[in-house]
Each structure stands twice: as C-alpha cells, then as structure tokens.
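The opening position of the sequence shown corresponds to residue 133 in my numbering, with each subsequent residue numbered one higher.
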Amino acid sequence: MTKREMEIVKLIADGSTNKEIAQELSLSAYTVKSHVHNILEKLSLHTRVHIAKFYETTKSSIAETDSTSLLGE
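Quick look at the structure:
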C-alpha cells in the first residue's frame with residue numbers, strides 16, 4: 133500500500149468523508165474515491181467501516197513499521 137493510501141486509511145478511520153480528505157490532502161474528490169477503491173481492493177475489504185476497523189487493529193504495527201514494508205508495496 134502506498135504512503136498516500138495509508139494517509140487516506142487514517143483519515144477514513146478518523147471519520148473523514150471523501151470531500152474532507154480531498155481538502156485535507158489537496159486532491160480532487162475523484163482521486164480520493166479512486167484511492168479508496170484501490171485500498172478496498174488491496175485489502176479485500178468491502179466498506180469504509182472495514183477500512184476503519186483495519187486501521188484500528190493495525191495502527192500500532194503501522195506506527196512501529198514503515199507502512200510500505202508492512203503492507204507490501
């Protein structure tokens with residue numbers, strides 16, 4: 133997973149909408165939607181709630197380990 137995707141995962145877990153994420157990261161809403169789709173595909177998840185749960189269960193590992201090596205970019 134890319135660094136940008138991990139940023140988006142964290143923002144989703146924080147409860148941000150695509151529009152809010154787009155504003156925060158200076159991206160278009162379409163780009164955020166595309167990233168969310170890619171995250172769901174890479175993690176074999178189905179909803180944003182699942183993304184948030186994934187983050188909550190892995191955030192300590194992510195903090196200790198570089199996200200690209202942890203998630204196999």
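For every residue, glycine included, the Cβ atom is placed at its ideal position computed from N, Cα and C. This structure is a prediction, so every number in the text was calculated from the model and none was measured.
What first and last residue would you give for the alpha helix (DSSP H) that runs through residue i?
{"i": "T163", "result": "A161 to L175"}
{"i": "M206", "result": "Residue 206 lies beyond the stretch modelled for the chain, which goes from 133 to 205, so this question has no answer here."}
Can you find the residues in the same chain that come closer than 6 Å, C-beta to C-beta, to residue i, ignoring five residues on each side of it along the sequence?
{"i": "H167", "result": "E137 and I140"}
Do you know offhand how far residue i's Cα is from residue j's?
{"i": "D146", "j": "A184", "result": "8 Å"}
{"i": "V225", "j": "R180", "result": "Residue coverage of the chain in this structure runs from 133 to 205, which leaves residue 225 outside it and unanswerable."}
{"i": "A154", "j": "I144", "result": "11 Å"}
{"i": "F186", "j": "S192", "result": "11 Å"}
Quick one: is residue i near chain D, going by C-beta distance under 9 Å?
{"i": "N150", "result": "The structure shown has no chain D; it contains just one protein chain."}
If I measure Cβ to Cβ from residue i and keep anything under 7 Å in the same chain, skipping five residues before and after, which residues do I get?
{"i": "K151", "result": "A161"}
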